[in-house]
Amino acid sequence: MKLHLLGFALLAALVEAIPSSTNSTIQKRSTPKLVFAHFIVGIVDGYTQSDWANDIALASATGIDAFALNIGMDPWTDTQLANAYAALRVAPASSSSSRSILPRLRLQWGNGALVSTFTGDGFDWSPVRSAVSHPLEIIPFYQAALANSDSTDGLFQWNAWPSQNNQPIDQTMSIAGDQYYQSQLGGSPYMAGVSPWFFTHYDSSTYNKNWLYLSDTLLIDRWNEILNLQPQLVELITWNDFGESHYIGPLHPERTSVYAPSGHSDGAIQWAAGFPHDAWRKIIKPYIAAYKNGGPVTISPSDESIVYWYRPHPKGLSCSDPFLGPPTGQSFPADGVWAATLLASPATLTMTSGTFSYTTTAPAGINYFATGMGSGQPTFELVRSGVTITQGVGGLSIDLNSCNIYNFNAFVGSTN
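Mature numbering (1 follows the signal peptide of the UniProt record, and there is no 0) puts the sequence shown at residues -17 to -1, 1 to 399.
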């Protein structure tokens, strides 16, 4: 499987292009399902070509079809796009500025070049269609799910977290927003967002961002919704937004500017460094396969595992934070340790955290369970017919008594 790259500009801009086609009709009903991962180029100022190659290989192995490259006006954008192109052994489709709205890369979907945005409501795409020699499939994110305009072919909904009017709410994720977008589109393509987490804690003098969305079991809950909704496209939000804690790609603290913005010491390094999320890709991979194939989630015996996640301290703990108080939404998450079992057939799960212990029979497929948040490193074990299948110890120790910052990010690991 070859992973593609999509340009994805910050305003109302492009995602990607294909070579000229003699067929100008976009076939919306016969197109394959695709899954993209949102990749923020604006923070990878220190990336090397090998970093790109590594990320591309990891994404491709997960079943992700393309990176949606979110590009802006940073001075390193062209350099990093060149690194990305070189890593894929392809050349840019356009020599124009990286800030251009015109397509740059090659990925065909429905005989058209798939184009998306982050916001840009009401933008007239007609001049863009006229400026290129091949058909476009334009599916932007509009914050208002207005009826499909003549200049677009579908819509994307960025919101992948439980919220109301962009504010955190103490509820699990609803599909009401997806259903409303779909109702407005009348069968035209819909791209749904999927995200595993959300927490950000930037000093108000830097970015004025200090909140969380309820995310305890969001990743699996949302993928189960996707299997029911069956949208034409899915975008994972995100591959590398460490500042908002919803990354699924590898950590690169020494190569990404978001960790420590220039002139500030309150970067995302405080809550992202040492908090890997890579193991979440073990969950995402079989869900992508089920989504594309239209079948149930299945796990092969060789892929059986436990994926676990938890926070470093209880939600009500008062931290000696030099920058900010607790985030908005602090009271929403549970104080717990979660484990998702990936099983080919049922097995017995035991998980412990401090004085808390929980044992249950986990069925085949992917299912999640929780126990209380106890002091120290939690442990996990799967047993079948008296034989231990897999076991492990959490890589981060939970501290119930003190904390340096309000960190509501998740530490994610797996037993193998």
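We put the beta carbon where it would ideally sit given N, CA and C, even for glycine.
Asked	Found
Burial state of Met56, where buried means 16 or more other Cβ atoms lie within 10 Å	exposed
Span of the alpha helix (DSSP H), counted from its first residue to its last, around Leu383	First-last for Leu383: undefined, no H or E at that position.
Three-pair Cβ contact test at 8 Å for the region 282 to 290 versus the region 324 to 335	yes
Assigned secondary structure, His158 (DSSP; H/G/I helix, E/B strand, else coil)	It is worth fixing the name first, because residue 158 is Ile in this sequence and not His. In this structure, Ile158 counts as coil in the three-state DSSP scheme.
Given Pro123 as reference, the closest of Phe139, Gly369, Pro110, Glu227 once Cα atoms are compared	Phe139
Counted within 10 angstroms of its Cβ, other Cβ atoms place Asp107 as buried (16 or more) or exposed	exposed
The region 202 to 215 contacting the region 171 to 178, beta-carbon criterion three pairs below 8 Å	yes
Residue closest to Asp318, alpha-carbon to alpha-carbon, out of Ala347, Leu300, Thr331, Thr311	Leu300
Under 8 Å between C-beta atoms of Trp180 and Tyr270	no
C-beta contact flag for Ala251 and Gly278 at 8 Å	no
Ala353 and Phe258 closer than 8 Å at C-beta	no
DSSP three-state assignment for Leu365, whether helix, strand or coil	strand
Run of the alpha helix (DSSP H) containing Lys275, from where it starts to where it stops	263 to 276
C-beta contact flag for Leu307 and Asn193 at 8 Å	yes
C-alpha distance - Gly105 paired with Asn399, whole-angstrom precision	48 Å
Rounded separation between Lys221 and Val320 - CA only	A small correction: the amino acid at residue 221 is Thr; Lys does not occupy that position in the sequence shown. Looking at the two C-alpha atoms, the distance is approximately 23 Å.
Beta bridge counterpart(s) of His296 as assigned by DSSP	His296 is not bridged to any residue.
Which of helix, strand or coil DSSP assigns to Ser4	Reliability of the predicted coordinates at Ser4 is poor, the pLDDT of 30 falling under 50, and the value obtained from them is presented with this limitation in mind. Three-state result, Ser4: coil.
Simplified DSSP state of Glu287, which is helix, strand or coil	coil
Three-state class that DSSP yields for Thr373 in the structure shown	strand
Assigned exposure category for Pro145 - 16 Cβ within 10 Å defines buried	buried
Sub-8 Å separation of His260 and Ile231 beta-carbons	yes
Nonlocal neighbours in the same chain, by C-beta distance under 6 Å from Cys386, ignoring five residues either side	His296, Leu300, Cys302
Straight-line Cα distance separating Trp35 from Ile54	15 Å
Alpha-carbon spacing of Arg294 relative to Gly312, whole angstroms	15 Å
Start-to-end residues for the beta strand (DSSP E) that takes in Tyr173	173 to 177
Whole-angstrom C-beta distance between Leu201 and Pro316, which should lie under 8 Å	Actually they do not touch by this definition, with Cβ atoms about 10 Å apart.
Cβ pair Ala127, Val177 closer than 8 Å	no
CA-to-CA distance, Leu97 to Arg112, given in whole angstroms	12 Å
Where Tyr125 falls: helix, strand or coil (DSSP)	coil
Identity of the residues DSSP links to His260 by a beta bridge	The partner list for His260 (beta bridge, DSSP) is empty, contrary to what the question assumes.
Own chain partners of Asn131 with C-beta closer than 6 Å, once the 5 adjacent residues on each side are dropped	Here Asn131 scores only 48 on pLDDT, less than 50, and its place in the model should not be relied on; the value that follows carries that caveat. Around Asn131: Leu168, Ser171.
Phe22 and Leu52 closer than 8 Å at C-beta	yes
Per DSSP, the bridge partner or partners of Ala322	Tyr291, Phe352
Of the listed residues Ser358, Ser33, Gly29, nearest to Pro58 (C-alpha basis)	Gly29
Thr343 to Asn66 span [Cα, whole Å]	48 Å
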